[in-house]
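Engineer: Residue 33 in the numbering used here is what sits at position 27 of the sequence shown, and the numbering runs on without skipping anything.
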Amino acid sequence: RHLGIPARYVSGYLFADHEGKPHEASHAWAELHLPEFGWVGFDPANKCCPTDSYIRLGSGLDGQVATPIRGVHTGGGNEDLDVTVVIAQSQQ
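1. Mind checking whether S65 and Y15 have CB atoms under 8 angstroms apart?
2. Starting from the N-terminal side, write out each stretch of the beta strand (DSSP E) that is 3 residues or longer and does not extend beyond the segment 42-72.
3. Skipping 5 residues on each side, what residues in its chain have a beta carbon closer than 8 angstroms to that of F48?
4. Please determine, among G69, Q95, N84, the residue with the shortest C-alpha to C-alpha distance to Y60.
5. Assuming contact is defined by CB atoms lying nearer than 8 angstroms, are P74 and L87 in contact in what I supplied?
6. Counting C-beta neighbours from all protein chains within 10 Å, is the total for H8 16 or more, i.e. buried, or is it exposed?
7. Take the Cβ of H33 as the centre, count every other Cβ of all protein chains shown within 10 Å, and call the residue buried at 16 or more, exposed below.
8. Hey, how far is the Cα of V46 from the Cα of A22?
9. According to DSSP, which residues form a beta bridge with R7?
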């Protein structure tokens, strides 16, 4: 963005890591809009461009806008949130 190139934050999941092991956490990467190619993704954490193993849930200006789940807790008391996500390839 600093160089005038449109960019966005993308949140989602990674089906498997570069070694083929299941990825058990949410993941994020970035995209740049290049006039000759459109939106092009890159993942600096894994030093690669996203592949079919990347599952997009949301995109936006930053992680707050692109978060797939958002909520508000009001009132007193304690709250616990336990989430398990399993990414599996469907047979079509």
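Even glycine gets a Cβ: it sits at the ideal position worked out from N, Cα and C.
Structural biologist: Concretely, from the data shown:
1. yes
2. Counting only unbroken stretches of 3 or more residues, the beta strand (DSSP E) elements lying wholly within the segment 42-72 are 44-48, 60-66, in sequence order.
3. W35, A36, E37, L38, C54, C55, P56
4. Q95
5. No, the pair does not count as a contact, with Cβ atoms beyond the cut-off.
6. exposed
7. buried
8. Near 20 angstroms, if we compare the C-alpha coordinates of A22 and V46.
9. In DSSP, R7 forms no bridge with anything.
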